[in-house]
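Numbering (the working numbering), first residue to last: 1 to 688.
Below you'll find the structure, written out as structure tokens, and then a few comments.
Dropping the structure here:
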């Protein structure tokens, strides 16, 4: 017998059981709560009933346009960027609301029923205009998100539950990703179109490069082919190429040449690196891909670099650091990557290159920014772990401070700290982020500003030292201590643990030699760490639903973080949401992200009720209170989605529904063009 039959009293339940009922769904809350999957929810259809559907389409679960999402590629984008840049097809629009199908492949990260992070495709995006109070949630480790009051977040209390933000308190723990599995790829760097105006060279000698470039496309060459080159320069270049074994000199005139096999091999590689120059300026090597050297140079630059516009209109690059080793390393990387030799003055390096500034800007590396505006480009966010590790190593070696039990990294840029937190999750490193007000040290006027700090400690510090090669001077300062088990725990599982133990017939001392420890976990006075809980349940040999959930929790990709602060914010503007099939959630928010539930629609329920056989429908009166003016569209077939419906063996349908609007709002609906069947009104005494 099903546990829930709506509308059936005890007498009918004893007499008929579940005969004369229809299934309307399952008693399920969120994902991963396996104990909720077996219980069907049914409705009695033997007797007449009035069913009222109350709730906004999509239930109003939305986030701000500036909310950051991590794509499966590693790129970080705001939900508004996804809305604006995606290929989409509008399927619904009214005065305040728009719904689109996503046509191109956009994949995000979400948590599945086994509590593992996986890639999932976004199929729909939604936005609406609101003027209401939103809720800002901040966790103990500094993760932040602003959501509408109805937006659910994944919580735990002896079962996994998606709870609306308005019902959360600082007693709740919410689910965060503890590991982002991103393969990444090494991006190619783009060459600006206007660089075609510049002379391209591949060798140190401009003349040698020009001769090799010509011979690559021609079997032989004569002096007459290079009339713009001085006679002496031409011959000296030929003999230089001959000594290198790259060309043969032909004929008695000694003016005709051809490539050797070695020269042919080299000439074919001329397109693998480019040298750019304009006029009499020094030539520049342009790297083709984002490799470890480029990632390291970029990390140095973001940490300690700046530019100046000189009176001559050239761009001057400056790099300063108190450590001579870092000065030397940056100098070597600059010469290796770009063919430029920086000059040293006092305690900084400098070099001039307008061409390099154009190249970097073209690849979304912003140069002329204040420290609080600096950012990490997306080609680092989407790079493979080898490149990311090199970037993190250089950046932390420049900007971090090592202490006995932690690493601290600070920046005036909130964007940088946010992206560093996400990059660390590539290696399963959970960081804590804090904001502090302090004096800026790089200005004459000691102005108070916001600074953002990342802290890594405990087991995460061990992981950091394994994946990020910190310099020896900083490693020596760190003394790894015993972990604080209160920082990374699996909270509120006392009943699950107690029930699993009791079903196995085990006393507490069989789980741990200190039975009071087990009791404190079961009473939820304390919460076990993942490692501790795993050790405890290894002693439970009888399978049960509770044990299954506990095993998933200990092997999950979830970090449970306690809510530290909840506040309401007044907001007017658009809010957005996504539809993600299967998992119905996505990672969003600042400083590492939070698992957020996606949209579903109460209209589905109304449509399914309309499809019931006539003999069943005659006993049911379904009233939908439509606060957004959307359900009226059920009167018309959805021809826009005809092809998609056919793929599922369906076809566009119209539903036999009657639309009623308040008599006092009749003129408003007429102006909006909303069709309706009748008006209604209530006497005041009917409402009391």
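Think of the CB as a built atom: it goes at the ideal place given N, C-alpha and C, for glycine as much as any other residue.
>> So the candidates are 383, 464, 62; which of them puts its Cα closest to the Cα of residue 189?
In response: Position 189 of the chain shown, counted from the first residue, corresponds to residue 189. Closest in alpha carbon position to residue 189, among 383, 464, 62, is 383.
> So is residue 360 buried or exposed if we call it buried at 16+ other beta carbons inside 10 Å?
Replying inline: Residue mapping note: residue 360 aligns to position 360 of the chain shown, counting from 1. A buried status is given to residue 360, since no fewer than 16 other beta-carbon atoms sit within 10 Å of its beta-carbon.
>> Taking 7 Å as the limit between beta carbons, can you name the residues of its chain near residue 314, skipping five residues before and five after?
In response: To locate residue 314, count along the chain shown from 1; it is residue 314. Answer for residue 314: 352, 354, listed in chain order.
>> Run through the DSSP bridge pairs and tell me what residue 596 is partnered with.
In response: As a first step, residue 596 must be located in the chain shown, where it is residue number 596. Answer by DSSP bridge pairing, in chain order: 153, 586.
> Considering only C-alpha positions, which residue in the set 396, 103, 494 is nearest to residue 473?
Replying inline: Here residue 473 refers to the residue found at position 473 when the chain shown is read from its first residue. For the options 396, 103, 494, the alpha carbon positioned closest to that of residue 473 is the one of 396.
> Ordered along the chain, which non-local residues of its own chain (more than five positions away) have a Cβ less than 6 Å from that of residue 410?
Replying inline: One-based indexing of the chain shown puts residue 410 at position 410. Excluding residues within five positions, the ones whose Cβ falls inside 6 Å are 451, 453.
> In whole angstroms, what separates the C-alpha of residue 183 from that of residue 290?
Replying inline: Position 183 of the chain shown holds residue 183. Position 290 of the chain shown holds residue 290. Each residue's Cα considered, the two are about 15 Å apart.
> Buried or exposed: where does residue 10 fall if 16 or more other Cβ atoms within 10 Å of its Cβ makes it buried?
Replying inline: For the purposes of this step, residue 10 is taken as residue 10 along the chain shown, with counting starting at 1. With fewer than 16 other Cβ atoms from the protein chains shown falling within 10 Å of its own Cβ, residue 10 counts as exposed.
> Which first and last residues belong to the alpha helix (DSSP H) in which residue 616 is found?
Replying inline: As a working mapping, residue 616 is identified with position 616 in the chain shown. Residue range 614-617 is occupied by the alpha helix (DSSP H) that includes residue 616.
> Just the Cα atoms here: how many angstroms apart are residue 571 and residue 546?
Replying inline: Against the chain shown, residue 571 aligns to sequence position 571. Against the chain shown, residue 546 aligns to sequence position 546. In a straight line, the C-alpha of residue 571 is about 42 Å away from that of residue 546.
> Can you tell me where the beta strand (DSSP E) with residue 521 in it begins and where it stops?
Replying inline: Here residue 521 refers to the residue found at position 521 of the chain shown. Unbroken run through residue 521 is the alpha helix (DSSP H), 515-522; no beta strand (DSSP E).
> Between residue 320 and the rest of its own chain, which residues show a CB-CB distance below 7 Å, the 5 nearest in sequence each way excluded?
Replying inline: Mapped onto the chain shown, residue 320 falls at position 320. Residues 304, 347, 348 of the same chain have their beta carbon placed closer than 7 Å to that of residue 320, with the five preceding and five following residues left out of the count.
> Is the number of C-beta pairs between the segment 98-113 and the segment 526-536 that are closer than 8 Å three or more?
Replying inline: Counting Cβ pairs under 8 Å, fewer than three are found: no touch.
> Bridge partners of residue 448, per DSSP?
Replying inline: Taking the chain shown and counting its residues from 1, one reaches residue 448 at position 448. The bridge partners DSSP lists for residue 448 are 439.
>> Between which two residues does the alpha helix (DSSP H) holding residue 294 run?
In response: Here residue 294 refers to the residue found at position 294 when the chain shown is read from its first residue. First-last of the alpha helix (DSSP H) with residue 294: 292-304.
>> The beta strand (DSSP E) that contains residue 474, what's its start and end?
In response: Here residue 474 is taken as the residue at index 474 of the chain shown, counted from 1. Per DSSP, residue 474 lies in no beta strand (DSSP E); the unbroken alpha helix (DSSP H) holding it starts and ends at 472-475.
>> Going by the DSSP bridge assignment, what does residue 225 pair with across the sheet?
In response: Residue mapping note: residue 225 aligns to position 225 of the chain shown, counting from 1. Answer by DSSP bridge pairing: none, since residue 225 is not bridged.
> Can you give the Cα-Cα distance for residue 523 and residue 612, rounded to whole angstroms?
Replying inline: Here residue 523 refers to the residue found at position 523 when the chain shown is read from its first residue. Here residue 612 refers to the residue found at position 612 when the chain shown is read from its first residue. In this structure, the alpha-carbon of residue 523 lies about 48 Å from that of residue 612.
> In the DSSP assignment, what residue or residues form a beta bridge with residue 162?
Replying inline: Taking the chain shown and counting its residues from 1, the one referred to as residue 162 is at position 162. For residue 162, the beta-bridge partners assigned by DSSP are 154.
> Who pairs with residue 315 in a beta bridge, going by DSSP?
Replying inline: Mapped onto the chain shown, residue 315 falls at position 315. The partner list for residue 315 (beta bridge, DSSP) reads 309.
>> Let me check understanding here. Comparing Cα to Cα, which of 239, 187, 480 lies closest to residue 212?
In response: Within the chain shown, the letter at position 212 stands for residue 212. Considering only 239, 187, 480, the residue with the shortest C-alpha distance to residue 212 is 239.
> Going by alpha carbons, who is nearest to residue 109 out of 378, 587, 512, 64?
Replying inline: Counted from its first residue, the chain shown places residue 109 at position 109. A check of alpha carbon separations from residue 109 across 378, 587, 512, 64 identifies 587 as the nearest.
> So is residue 174 buried or exposed if we call it buried at 16+ other beta carbons inside 10 Å?
Replying inline: Translated into positions along the chain shown, residue 174 becomes position 174. Its Cβ being crowded by 16 or more others within 10 Å, residue 174 is buried.
> Can you tell which of 422, 675, 168 has the C-alpha that lies nearest to the C-alpha of residue 380?
Replying inline: Within the chain shown, the letter at position 380 stands for residue 380. Looking at the Cα atoms, 422 is the closest of the given residues.
> I think residue 436 touches residue 139, with their Cβ atoms under 8 Å apart; what is that distance to the nearest whole Å?
Replying inline: Locating residue 436 in the chain shown gives position 436, counting from the first residue. Locating residue 139 in the chain shown gives position 139, counting from the first residue. That pair is no contact at about 17 Å.
>> Just list the residues that DSSP pairs residue 256 with in beta bridges.
In response: Indexing the chain shown from 1 puts residue 256 at position 256. According to DSSP, which records beta bridges pairwise, residue 256 is partnered with 250.
> Distance, Cα to Cα, residue 682 vs residue 43?
Replying inline: Taking the chain shown and counting its residues from 1, the one referred to as residue 682 is at position 682. Taking the chain shown and counting its residues from 1, the one referred to as residue 43 is at position 43. Each residue's Cα considered, the two are about 29 Å apart.
> DSSP state of residue 15, grouped into three classes?
Replying inline: The sequence position of residue 15 within the chain shown is 15, counting from 1. Three-state result, residue 15: helix.
> Helix, strand or coil for residue 398 per DSSP?
Replying inline: Position 398 of the chain shown, counted from the start, is the residue given in the question as residue 398. Three-state DSSP puts residue 398 in a helix.
> Between which two residues does the beta strand (DSSP E) harbouring residue 120 extend?
Replying inline: Numbered from 1 along the chain shown, position 120 holds the residue referred to as residue 120. Following the DSSP letters along the chain, one finds residue 120 inside the beta strand (DSSP E) bounded by residues 117-121.
> Are residue 407 and residue 456 closer than 8 Å when you measure CB to CB?
Replying inline: Here residue 407 corresponds to residue number 407 of the chain shown, with the count starting at 1. Here residue 456 corresponds to residue number 456 of the chain shown, with the count starting at 1. Less than 8 Å separates the beta-carbon of residue 407 from that of residue 456.
>> Please classify residue 272 as buried or exposed, where buried requires at least 16 other C-beta atoms within 10 Å of its C-beta.
In response: Taking the chain shown and counting its residues from 1, one reaches residue 272 at position 272. Bear in mind that a pLDDT of 36 at residue 272, under 50, signals an unreliable position, so the number given afterwards is only what the model happens to contain. When all chains shown are included, residue 272 counts as exposed.
>> I believe residue 566 touches residue 168 by the beta-carbon criterion, under 8 Å. Please report the beta-carbon distance rounded to the nearest angstrom.
In response: Within the chain shown, residue 566 is the residue found at index 566, counting from 1. Within the chain shown, residue 168 is the residue found at index 168, counting from 1. Cβ-Cβ separation between residue 566 and residue 168: approximately 6 Å, consistent with a contact (criterion under 8 Å).
>> Is the beta carbon of residue 102 closer than 8 Å to that of residue 137?
In response: Your numbering for residue 137 matches position 137 in the chain shown. Your numbering for residue 102 matches position 102 in the chain shown. Residue 102 sits away from residue 137, with the two beta carbons spaced by 8 Å or more.
> When we look at the beta-carbon of residue 327 and count the other beta-carbons within 10 Å, is it buried (16 or more) or exposed?
Replying inline: If you number the chain shown from 1, residue 327 lands on position 327. With 16 or more Cβ atoms within 10 Å of its Cβ, residue 327 is classed as buried.
> Where does residue 621 land, buried or exposed, given buried means 16+ other C-beta within 10 angstroms?
Replying inline: Looking up residue 621 in the chain shown gives position 621. Classification of residue 621: exposed, given that the 10 Å Cβ count is below 16.
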